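The structure appears right after this line, and notes come after that.
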Amino acid sequence: MSSWFKRKEKGIVTPTEQKKETPDGLWYKCPECKTVATMAEHKRLLSTCGSCHHHDRIDAAEYFDFLFDNHEYQELDAELRSADPLNFVDTKAYPQRVAATEKNTGLKDAVRAAHGQLNGLGLVVAAMDFKFIGGSMGSVVGEKIARAIDYARQNRLPFLMISRSGGARMMEAGYSLMQMAKTSAKLALLSEAGIPYISLLTDPTTGGVTASFAMLGDFNIAEPGALIGFAGPRVIKETIGKDLPKGFQSAEFVLEHGFLDFIVDRKELKQKLTDLLTMLKPAEVPAAEKAVLVR
């Protein structure tokens, strides 16, 4: 037997200081199909799986980066922060919860708004961040969306809303529910002005957000596999006393039942939006009417 493959020394041990660990964050394993890819490739595909097209959740900043040309945009009302109108306390006081979430996430609240160019077309975008108290809709979320819609209306720019939310923020109770009417009223003004509104529903879009601005788009579109609904499936099952269909509340199920216009892969989103906005481009308004819109 040849000796070239025989181990001559037993018990070879590499000193701890010479061991090379694989650095964290180099590899991505898809939670659906278990395919492994480099993190660089995963980011290149905009946090989607190259095999099964599973869409990971991404932050508002990541949407802004790939939607706006040259990653250039101006944020709107970036410093708005939640107050505590009800002196709400659960396991901790609401101001403490907000402060801790700000520190952990670097966000001021659950939505960010910005304007810039998308393939040369002016656009206002408001995008929600689920990691800020579950993307819940409180007074600041409603106010920032309302102001973004006002900016779009005054500058005659199309408006894109990217929803990702667990629903209304319980710490603000009725104040949170008022944002449903507030944002819907602002969208009605946008519609009257003939300015396009596209609503993109991502995973998950639920509760009062689904029941208000998320479903009011001129086009309602969604990412593949997104959970979309009002109440949770357990609550619905207990209410109607029946088993729910397979895939209930998935974007594909919602599309099949007529509540969405189409589903778009994140990698194709920028071009799809360009096509829609080109088709829906608002007409120029006479100077006299512009003065009325600004008021």
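The sequence shown runs 1 to 295 under UniProt numbering. Where a beta carbon is used, it is the ideal one built from N, C-alpha and C, also for glycine. This one's a predicted model, so the numbers in the text were calculated from it and none came from an experiment.
Per DSSP, the bridge partner or partners of residue i
| i | result |
| --- | --- |
| methionine 128 | Val111 |
| leucine 201 | Ser163 and Ala222 |
| valine 89 | Ala93 |
| threonine 48 | His55 |
| alanine 168 | Met137 |
Cβ-based neighbour list, residue i, same chain, cut-off 6 Å, excluding 5 preceding and 5 following
| i | result |
| --- | --- |
| leucine 227 | Asp203, Pro204 and Gln249 |
| serine 212 | Met180, Thr183 and Ser184 |
| leucine 200 | Ile162 and Ile221 |
| cysteine 33 | Ser51 and Cys52 |
| threonine 239 | none |
| proline 95 | Asp84 |
| glycine 142 | Gln179, Lys182 and Thr183 |
| glycine 217 | Tyr197, Ile198 and Ser199 |
| leucine 280 | Pro196 |
| phenylalanine 88 | Tyr94 and Met171 |
| valine 98 | Ser82 |
Simplified DSSP assignment, three categories, for residue i
| i | result |
| --- | --- |
| residue 296 | A query on residue 296 cannot be resolved here, the shown segment of the chain reaching from 1 to 295 and no further. |
| alanine 226 | coil |
| histidine 55 | strand |
| alanine 185 | helix |
| alanine 61 | helix |
| lysine 29 | strand |
| alanine 99 | helix |
| alanine 214 | helix |
| phenylalanine 68 | coil |
| aspartate 84 | coil |
| lysine 43 | helix |
| glycine 174 | helix |
Limits of the beta strand (DSSP E) - the one that residue i falls within
| i | result |
| --- | --- |
| glutamate 75 | 73-76 |
| threonine 38 | 36-38 |
Contacting residues, own chain, Cβ-Cβ under 8 Å from residue i (five flanking each side not counted)
| i | result |
| --- | --- |
| arginine 157 | Per the sequence shown, the amino acid found at residue 157 is leucine instead of arginine. If we look at leucine 157 and ignore the five residues flanking it on each side, its Cβ neighbours are His115, Gly122, Leu123, Val124, Tyr151 and Ile195. |
| aspartate 129 | Asp59, Ala60, Thr105, Leu107, Ala110, Val111, Arg112, Gly135 and Arg164 |
| lysine 246 | none |
Other residues of its chain near residue i: CB distance less than 7 Å, five sequence neighbours each side excluded
| i | result |
| --- | --- |
| phenylalanine 68 | Gly116, Gln117 and Leu118 |
| leucine 26 | Thr38 and Met39 |
| leucine 177 | Ala168 and Gly208 |
| proline 224 | His53, His55, Ala251, Ile263 and Asp265 |
| leucine 189 | Arg153 |
| isoleucine 236 | Leu244 |
| lysine 29 | Val36 |
| alanine 173 | Leu86 |
Residue interval of the alpha helix (DSSP H) (run including residue i)
| i | result |
| --- | --- |
| threonine 210 | 207-210 |
List, from N- to C-terminal side, the alpha helix (DSSP H) runs of 4 residues or more that fit wholly inside the region 229-272.
233-240 and 251-256
Which ranges would you report for the beta strand (DSSP E) in the region 116-165 if only whole runs of at least 3 residues count?
121-128 and 159-165
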